[in-house]
Amino acid sequence: MRQLVYVSPLPWASFAQRPHKFVEWFHATTGGRVLWIDPYATRLPALRDLRRPSAIASGATVHRPEWVTVEGVRALPIEPIPGGTLINRLGWRQVAERVARFCAAEKTLLVIGKPSALAFDLLRHAGAACSAYDSMDDFPAFYTGVSRAALARVEARIAADVDRLLVSSTALRTRWQTLRPDACLVYNGLDPSILPAPDVAKLARLGDGRPKIIGYLGTMGPWFDWVWLTALARQRPNDRVRLIGPVFSQPPGALPSNVQMLPPVPHAEALKAMREFDIGLIPFIRNQLTGGVDPIKFYEYRAMGLPVISTGFGEMALRGNEPATFLIDAPDQLGDAIDAALRCRASDVDIAEFREANSWRARFDASSVLE
């Protein structure tokens, strides 16, 4: 493939995640240009939309290389209602025509990262040489009512029609097993090139009995388990529990005094801040929303040599036998888990091997999506 059209679930101006890493890998592999389609609202509006921070407020950095063209989509938040797509086609006509011209110029791969009526239209009419749907979340689970039903319908149509279906977790592969038994499991990963060197000397002192920093890096949304986090902080009053990132879901009550909440920062700074952690946390509630999640922060924590304490949600539920990984759902067991985590040691060799084996390049190379 010489070119890529990527229909993204995230704006280009956001923290670099799986979609950004896919297009970087595509360009590094093929040298081809990328036409990136920013997302638009595919559900009816809700009050929580007013509380969402901007990309800059969330700590995202905005850099666009010359080989990427970013297109926004003009659309009203009416897609789920009858006639909504017909109206929105008037708004996104220019984008659809631009994609069709792009596909006509060179052999093009169309990758859909978020299901939508526009994505389905492009799949049917843009003329891409090959197509793939990268199912990286249970997208309908984020919606309710008519919005959920509408998104589930269009997602099923897309999954059935694309040439390749990629999934980011075991649960998502199970979800699509009947419709697409050929779904290819492509876990999330990490970018070794942006990771700072781990503080191996500090890691060697984990069990020295001194106060530790038990950290979480990421968004605190409806999936964040504040009850679990509060229990951990109370069981380790001499340690500091450090949370870094935007807060979309406030804690239900006052937090213990040893919980430190820091604002979001650019990703590079956040990764440097992770060097100060002694243990990495992933305290997510177990529900449909998190059932298909393979958290990138797991890979980043372990790539820094940190032991990980997590609830047993999503792909993490299958990692109970991974080195230095502790799955704890019962809050009264957190103290013992922390003691065990502080006895873990990671060598330079272990860390280097983990980084290489779980790199985005290794993930996407193995997907054979370009064949």
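Per my numbering, residue 7 is the first one in the sequence shown, and the count goes up by one each step. Where is the CB? At the ideal position from N, CA and C, for every residue including glycine.
If you count every other CB in all the chains shown that lies within 10 Å of the CB of residue i, and 16 or more means buried, which is it?
i    : result
I315 : buried
G119 : buried
A110 : exposed
N194 : buried
T35  : exposed
I288 : buried
S153 : buried
I62  : Confidence is the limiting factor: at I62 the pLDDT is only 49, short of 50, which leaves the residue's position unreliable and the question unanswerable from this model.
P146 : buried
S365 : buried
L185 : exposed
A343 : buried
S174 : buried
How would you write the range of the beta strand (DSSP E) that residue i sits in, first residue to last?
i    : result
T75  : V74 to E77
W42  : R39 to I43
Q9   : Q9 to V13
V314 : V314 to S316
T236 : Here T236 belongs to no beta strand (DSSP E); instead the alpha helix (DSSP H) covers W232 to Q241.
L340 : Counting along the chain, L340 falls outside any beta strand (DSSP E), though it belongs to the alpha helix (DSSP H) covering L340 to A347.
L333 : T331 to L333
Which residue wins for smallest C-alpha separation from residue i, given the options the options?
i    : options                   : result
F319 : P301, A330 and R308       : P301
E306 : A346, A358 and P269       : A358
R248 : G286, H69, R159 and Q256  : G286
P25  : D345, D197 and A135       : D197
G298 : T35, A156, I334 and D144  : D144
L209 : R349, G38, V375 and V29   : R349
L50  : V76, Y149 and A123        : Y149
V271 : G259, N244, V253 and P146 : V253
A123 : G151, P88, A134 and W234  : P88
A125 : V13, N244, R242 and A323  : V13
R8   : L185, V29 and I93         : V29
G341 : H131, L238, S263 and A134 : L238
Y222 : A274, F304, V74 and A166  : F304
G259 : G133, W234, V168 and K278 : W234
A19  : H273, A52 and A166        : H273
R242 : Q339, R367 and V40        : Q339
E72  : L41, L92 and Q100         : L41
Q183 : M267, A309 and S141       : S141
W232 : I200, D205, M267 and A276 : M267
A352 : N94, R367, A52 and T331   : T331
T236 : R130, I93 and V265        : V265
R95  : V74, H69, E112 and H131   : H131
If you measure between the beta carbons of residue i and residue j, is that distance less than 8 Å?
i    : j    : result
V105 : L82  : no
T317 : F283 : no
L178 : C190 : no
R325 : L312 : no
A156 : E85  : yes
G90  : D44  : no
A102 : V117 : no
T176 : E321 : yes
E161 : P187 : no
D245 : P202 : no
S263 : M226 : no
With respect to the alpha helix (DSSP H) encompassing residue i, which residues constitute its N-terminal and C-terminal limits?
i    : result
C109 : R99 to A111
R24  : R24 to T36
L124 : A123 to H131
Y222 : Y222 -> not in any alpha helix (DSSP H); beta strand (DSSP E) instead, spanning I219 to L223.
V206 : V206 to L209
Mind checking who residue i pairs with in its DSSP beta bridge?
i    : result
L268 : I250
R170 : A138
L191 : V173
L285 : In the sequence as presented, Leu is not what sits at residue 285; that position holds Ile. I220, per the DSSP bridge assignment.
I118 : V13 and Y139
S365 : L196
F290 : F230
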